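Scroll down for the structure; my scribbles are underneath it.
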Ligand SMILES: Cc1ncc(COP(=O)(O)O)c(C=O)c1O
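Numbering (my numbering), first residue to last: 135 to 556.
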C-alpha cells in the first residue's frame with residue numbers, strides 16, 4: 135500500500151516498524167560506500183595482465199617509434215587507431231593524452247578561457263558573461279569544471295531521449311551561451327542513451343556563438359552490462375554534415391575498461407581543431423605517457439577484443455545492478471516513494487524520490503554507515519530544486535555488501551517519507 139493512502143494509524147505503526155529496522159541497521163556498525171563510480175576489486179583483477187604486457191625494453195617499440203622517448207604529442211598512431219575504431223571516427227581526428235579524460239575536458243575549456251577556440255573572437259576570459267548548458271541530472275565533475283571558470287550554469291532537464299532539445303535550441307540563440315555538457319550514452323547518472331533524433335538535433339544546432347563548444351563525453355561508449363554492444367553515431371561526422379565540424383570535442387578513456395587513474399584518455403575533434411589544439415598543448419607538455427598508450431594497445435588490441443573484455447566486466451556489474459533495481463522494486467516500489475531508471479549500461483542507477491526526501495534519506499544512510507553521492511550533486515551548483523535525485527553507484531561493493539547497503543537505503547527512504555508525512 136502506498137504511504138499516502140495509509141490512515142494515520144497505519145502510518146504510525148509503519149513508522150514504529152521502520153524506525154526499529156533503522157536502529158537495528160545502525161547497531162550493525164556498517165561501513166559501506168556507494169558514493170563514486172569506482173570499479174570493484176574483481177574488475178581490477180580482471181585486467182591484471184596489463185601490468186605485464188611490457189616487461190622488456192624491446193617491447194617498447196611501436197613501428198618506428200621508441201615509446202620510451204619524447205615525441206608524438208598527439209599520441210601513438212596505434213593508440214589513435216584503437217580509439218578511432220571504438221568511437222567510429224578517423225585516427226587523425228584522435229588526440230591520445232594522459233590518464234584522465236576529465237583533465238582533457240578541463241584543459242579544452244581552460245584553453246578556450248586563456249586563448250580562445252578556433253572560431254573565438256577573443257579568449258573567453260575577456261567575455262563579460264558566459265553561460266553553459268548542463269543537462270541534469272548530470273555528472274557533478276562536469277558542472278564543477280564550468281563553475282570553476284565562473285560560467286553561469288543553466289539546467290536543461292533530461293528526458294528519456296536526452297536533454298530537452300526544444301529548450302537547447304532556444305537557448306543557443308543567445309551568444310553568451312558558449313557550450314554544453316553531454317554524456318550521450320548511458321548518461322551519468324540516468325543511464326539514458328540519447329536518441330538518434332536528439333543527436334541529429336544537437337549536431338545541427340545553429341548557436342549564435344561562433345565558438346560554441348559541444349562537450350561530448352562518451353565515457354560509457356562500450357560499457358554495456360546487459361545485452362549486446364549498442365552502436366552509436368559518430369558525432370564528428372554528423373556535426374560535419376551540418377556544417378558544424380569544429381563545434382564538437384568528443385572524449386573517452388579506458389578508466390572503466392582497464393584501470394581508473396592508470397588508463398589512457400583521448401579527445402577527438404576536426405582536423406582543423408586538432409592543428410589548433412596541438413599548437414596550444416605543445417606549450418604545456420612535450421609528450422604524454424606513450425609507454426602506457428602502447429601497453430593499452432598491446433592489451434586491448436582492437437574494438438572486438440575490447441568488447442570481449444567488456445563482457446567480462448558486464449558479468450561482474452550485471453548482478454550488482456540487478457541487486458539495486460530488484461531491492462528498490464521490492465522495498466520501495468509498491469510504496470510509491472520513488473522511481474528509477476533501469477539502465478543496461480554505464481555505472482549508475484538514478485533514483486528520483488518524492489520531492490524533499492533526498493537529503494534526509496542520505497543523512498539517515500550516513501548515520502547507518504552507508505555513504506552515497508551527496509544529494510544535489512547531480513545538479514548545477516549542487517542544488518537539486520526538488521531535493522529528489524539520488525545517484526546510486528553499485529560498482530565498488532561486492533554483491534552481498536551492496537545488497538545490505540540497498541536494504542539500508544530503502545529503510546532510510548521509507549523513514550524519511552514517514553517523517554515527512556507525519
Ligand atoms: C561521465 C564521466 N566522464 C568522465 C569520467 C572520468 O573519466 P576519466 O577517468 O577518464 O577522467 C567519469 C567518471 O566517473 C564519468 O562518469
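Glycine included, every Cβ here is placed at the ideal spot set by N, Cα and C. Because the structure is a prediction, the values reported are computed rather than measured.
DSSP state of residue i mapped onto helix, strand, coil
i           : result
residue 293 : strand
residue 259 : helix
residue 134 : Because the chain in this structure spans residues 135 to 556, residue 134 falls outside the shown range and cannot be described.
residue 400 : strand
residue 229 : strand
residue 515 : helix
residue 305 : helix
residue 433 : helix
residue 190 : coil
residue 391 : coil
residue 153 : helix
residue 426 : helix
residue 468 : helix
residue 206 : coil
residue 520 : coil
residue 146 : helix
residue 162 : coil
residue 110 : The structure shown does not extend to residue 110, since the chain spans only 135 to 556, so no value can be given for it.
N-terminal and C-terminal residue of the beta strand (DSSP E) that residue i is part of
i           : result
residue 95  : In the structure as shown, the chain begins at 135 and stops at 556. Residue 95 is therefore absent and cannot be evaluated.
residue 407 : Run containing residue 407: none in the beta strand (DSSP E); it sits in the alpha helix (DSSP H), 405-418.
residue 523 : 523-526
residue 486 : 483-487
Delimiting residues of the alpha helix (DSSP H) encompassing residue i
i           : result
residue 339 : It is not in any alpha helix (DSSP H) - residue 339 carries neither H nor E in the DSSP assignment.
residue 464 : 437-465
residue 545 : 533-555
residue 218 : 211-221
residue 243 : 235-248
residue 181 : Unbroken run through residue 181: none, as it is neither H nor E.
residue 322 : No alpha helix (DSSP H) contains residue 322, which DSSP labels as neither H nor E.
residue 495 : 492-501
residue 273 : Element bounds for residue 273: n/a, residue is neither H nor E.
residue 121 : Outside the displayed span of the chain (135 to 556) sits residue 121, for which this structure offers no information.
Cross-strand partners of residue i (DSSP beta bridge)
i           : result
residue 350 : 316, 384
residue 139 : Partner(s): none; residue 139 has no beta bridge.
residue 168 : 506
residue 474 : 485
residue 286 : 265
residue 196 : 199
residue 311 : 265
residue 479 : 358
Ligand 2 heavy atom lying under 7 Å from the CB of residue i
i           : result
residue 388 : Ligands displayed in this structure: ligand 1; ligand 2 is not among them.
Contact between the region 300-320 and the region 461-474 (3+ Cβ pairs under 8 Å): no
Three-pair Cβ contact test at 8 Å for the region 253-264 versus the region 294-306: no
Quiz: which residues have CB nearer than 6 Å to ligand 1 non-hydrogen atoms: 171, 234, 235, 236, 273, 317, 322, 351, 353, 387, 389, 394, 399
The region 398-411 touching the region 225-242, judged by at least three CB pairs closer than 8 Å: yes
Any 3 or more C-beta pairs closer than 8 Å across the region 187-202 and the region 210-219: yes
contact_flag[the region 381-401, the region 531-540] where n(CB pairs < 8 Å) is 3 or more: no
The region 506-522 in contact with the region 427-446 per 3-pair CB rule at 8 Å: no
The region 319-326 / the region 482-493 touching (three or more Cβ pairs under 8 Å): yes
Sufficient close CB pairs (3 or more, under 8 Å) joining the region 277-295 to the region 443-454: no
Three or more C-beta pairs below 8 Å linking the region 365-376 and the region 169-189: no
contact_flag[the region 331-349, the region 490-503] where n(CB pairs < 8 Å) is 3 or more: no
Segment contact flag, the region 163-179 with the region 379-388, C-beta cutoff 8 Å, min 3 pairs: no
Validate contact between the region 216-234 and the region 270-277 using beta carbons, cut 8 Å, 3 pairs: no
Segment contact, 8 Å Cβ cut-off, at least three pairs: the region 216-228 with the region 344-356: yes
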